[in-house]
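If you're matching positions, the sequence shown starts at 9 in the numbering used here and goes up one per residue. Written out below as structure tokens is the structure these notes cover.
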Amino acid sequence: MAQYDVDLFVIGAGSGGVRAARIAAGHGAKVMIAEEYRVGGTCVIRGCVPKKLLVYASRYSHDFVEAAGFGWTVPQPSFDWTALIANKDREIARLEAAYTSNLEKAGVEVVMSRAMLDDAHNVRLMSTGAHVRAEHVLISTGGQPFPGHSIPGIEHVISSNDVFHLPELPRRIFIHGGGYIAIEFACVFAGLGSQVTLVCRAQNILRGFDDDVRAHVRAEMERDGIEVVTGRTVARVDKPGALRARLDDGREIEADRILFAIGRSPNVSGFGLQEAGVNIAETGGIAVDPYSRSSLPHLRRHGLRRQADAGRSRQRADRGVLRARGRRRRPDRDRGAGALPDGAHLSHRVPAAAGDPVGPPDAHADEARGRRRYRPRGGLPHRRARRRRDDPAPRHRGEDGRHQGRPRRHFGGASDRRRGAGDHARAQQSLRPRSRAVT
Ligand SMILES: Cc1cc2nc3c(=O)[nH]c(=O)nc-3n(C[C@H](O)[C@H](O)[C@H](O)COP(=O)(O)OP(=O)(O)OC[C@H]3O[C@@H](n4cnc5c(N)ncnc54)[C@H](O)[C@@H]3O)c2cc1C
9 MAQYDVDLFV IGAGSGGVRA ARIAAGHGAK VMIAEEYRVG GTCVIRGCVP
59 KKLLVYASRY SHDFVEAAGF GWTVPQPSFD WTALIANKDR EIARLEAAYT
109 SNLEKAGVEV VMSRAMLDDA HNVRLMSTGA HVRAEHVLIS TGGQPFPGHS
159 IPGIEHVISS NDVFHLPELP RRIFIHGGGY IAIEFACVFA GLGSQVTLVC
209 RAQNILRGFD DDVRAHVRAE MERDGIEVVT GRTVARVDKP GALRARLDDG
259 REIEADRILF AIGRSPNVSG FGLQEAGVNI AETGGIAVDP YSRSSLPHLR
309 RHGLRRQADA GRSRQRADRG VLRARGRRRR PDRDRGAGAL PDGAHLSHRV
359 PAAAGDPVGP PDAHADEARG RRRYRPRGGL PHRRARRRRD DPAPRHRGED
409 GRHQGRPRRH FGGASDRRRG AGDHARAQQS LRPRSRAVT
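What follows is the structure, encoded as structure tokens:
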């Protein structure tokens, strides 16, 4: 009897789990994936994808206004929230089916069940009670909305999960948070016609983004009628009739809905991780080594770096399986799934979110300023120029051996006068997220 039922057991069928499972199966590994809610995870079911559908819906209000300037007569438009949500649900169901079918086509066994770790190699499927022996386990359980510190009235607050199922469009919505999720929802609701108040703790929205971008986005939001309150938190929420948020300076703001979008925390509890001997980092995620291995080497973690201990690669989860199966690695094709060469890791290049044109949320501009100063290879441009002037050796020589003047350097097409510009552009590029939009 084989020692293990599967080579790889993936817990959680979100973006990371699905990809790792498919690629590992494509390399010949026997893979099972368990999902307790819906295949597709946060991104497809209650994150990027439905959010983008709401973003598209909200943009039409601007288009209707602008159309008149281009000669169109637009009848008084009206908006139907229920229709939008129903259509959104239909599209999400289609995507979920596509994800499931792609997994099955790749030979992955999909089990709709909560999975629990019994011990280092044994996983229990809660739907049936079945036990599965796995050589490798990948924890790909993602995260959940962080409600913040308990304040009076927190039970009246909704999270980003709930937004996609609101029975009606709130006339007034209060949003707490300054990250990209809070900002996007503020703009969505403003575009759909709600009166929006956004309150964040920091001195400006979008911490970590470029300062000019932050200022511009805020100005545009305010121009669209969103009230942005910075440097404040919510002290309590009351529901005397309508909801009322009281800020730490005593100001009270009434709203029909109060949404907290103040961060997400890793899903690491309630399925036997610690009991199996997996160490949890101080930041609340699974502690891993540079190869995404937990304290149990055959048990790996996939997830965002902020959901774990430190800067680690996001998707190198099934490398062990590839090795175990003795399969050839295909670094270009499978870069995201674990086929990086030994020692290489993406660490700080892994963005918290992809597809945002304004900059990498992970390469925090504030941090970056203090931490890393870009030094082009070969030294700074003016020092290189001085070296060349003092040392004629690298100059171009013609057939006759005479100097032909300064060598022409190619910095991404820049002329000599703009020497260094290419270096700068490359440095900027390296700070940008590599991955493309996930949707
Ligand atoms: C509102 C919102 C908007 C976003 N917009 C963007 C965006 O525009 N661009 C972008 O790049 N990112 C965006 N993100 C982030 C993106 O959704 C996440 O980074 C991504 O989904 C994380 O993928 P994951 O596979 O790590 O986890 P998840 O997608 O969260 O998947 C984890 C899965 O594991 C399951 N699970 C958990 N525990 C168990 C268990 N014990 N047994 C079985 N199953 C379990 C969960 O049900 C879940 O389906 C957004 C997130 C939110 C909330």
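The beta-carbon is built from N, C-alpha and C at its ideal position, and this holds for glycine as well.
Taken atom to atom, the span from the alpha-carbon of Gly249 to that of Leu267 is near 17 Å. For Gln203, the enclosing beta strand (DSSP E) stretches over residues Gln203 to Cys208. If you check the CB distance, Val140 and Leu133 come in under 8 Å. If you look at Glu230, you'll find it isn't in any beta strand (DSSP E); it sits in the alpha helix (DSSP H) that goes Asp219 to Arg231.
Taken atom to atom, the span from the alpha-carbon of Ala210 to that of Gly186 is near 7 Å. Under the three-state reduction of DSSP output, Phe197 falls in the helix class. In the structure shown, Gly20 falls within a coil segment according to DSSP collapsed to helix, strand and coil. Contact check for Ile159 against Arg244 passes: the beta carbons are separated by less than 8 Å.
A distance below 8 Å separates the beta carbons of Val39 and Leu16.
Ligand 1 has no heavy atom closer than 7 Å to the beta-carbon of Gly292. Around the beta carbon of Ser135, a 10 Å sphere encloses fewer than 16 other beta carbons of the protein chains shown; the residue is thus reported as exposed. Annotated three-state conformation of Pro58 is helix, per DSSP. Between the segment 212-222 and the segment 293-311, the count of C-beta pairs closer than 8 Å stays below three; the two stretches do not touch. Taking C-beta atoms as the reference points, Gly48 and Leu92 fail to come closer than 8 Å. Boundaries of the beta strand (DSSP E) harbouring Asp127: Ala123 to Asp127, taken from the DSSP string. Not a single heavy atom of ligand 1 lies less than 7 Å from the C-beta of Phe154. Within 7 Å of the C-beta of Ile189 there is at least one heavy atom belonging to ligand 1. Look at the segment 143-178 and you find these whole runs of beta strand (DSSP E), each 3 residues long or longer: 151-153.
A check of alpha carbon separations from Val82 across Arg226, Asp71, Trp89 and Gly36 identifies Asp71 as the nearest. Straight-line spacing of the CA atoms in Tyr107 and Val26 works out to 8 Å.
The C-beta distance from Ala114 to Ala33 rounds to 4 Å, short enough to meet the 8 Å contact threshold. The three-state reading of DSSP puts Asp15 in strand, counting E and B together.
Contact annotation: Val207 and Leu251 have beta-carbon atoms that are not nearer than 8 Å.
Going by DSSP, Ile183 is part of the beta strand (DSSP E) stretching over Arg180 to His184. Spanning the alpha carbons of Val73 and Ala65 requires a straight line of approximately 14 Å.
DSSP links Phe268 through a beta bridge to His184. For Thr90, no beta strand (DSSP E) segment is defined; the enclosing uninterrupted segment is the alpha helix (DSSP H) at Trp89 to Lys113. Remark: three or more beta-carbon pairs, one from each stretch, lie closer than 8 Å, so the segment 273-285 and the segment 122-129 are flagged as touching.
Excluding five sequence positions before and after Phe87, the CB atoms of its chain that fall closer than 7 Å to its own CB belong to Leu200 and Gly201, given in chain order. Boundaries for Leu251: no alpha helix (DSSP H) harbours it, while the beta strand (DSSP E) harbouring it runs Leu251 to Leu255, taken from the DSSP string. Leu307: member of the beta strand (DSSP E) spanning Leu307 to Arg309, first to last residue. Judged by DSSP in its simplified three-state form, Thr291 adopts coil rather than helix or strand. In the three-state reduction of the DSSP assignment, Ala138 falls in the coil class, being assigned neither a helical nor a strand state. By alpha-carbon distance to Lys60, the top candidate from Ile181, Val225 and Val196 is Val196. For Leu133, the uninterrupted beta strand (DSSP E) run begins and ends at Asn130 to Leu133, by DSSP. Beta-bridge partners of Ile41 (DSSP): Val18 and Val118.
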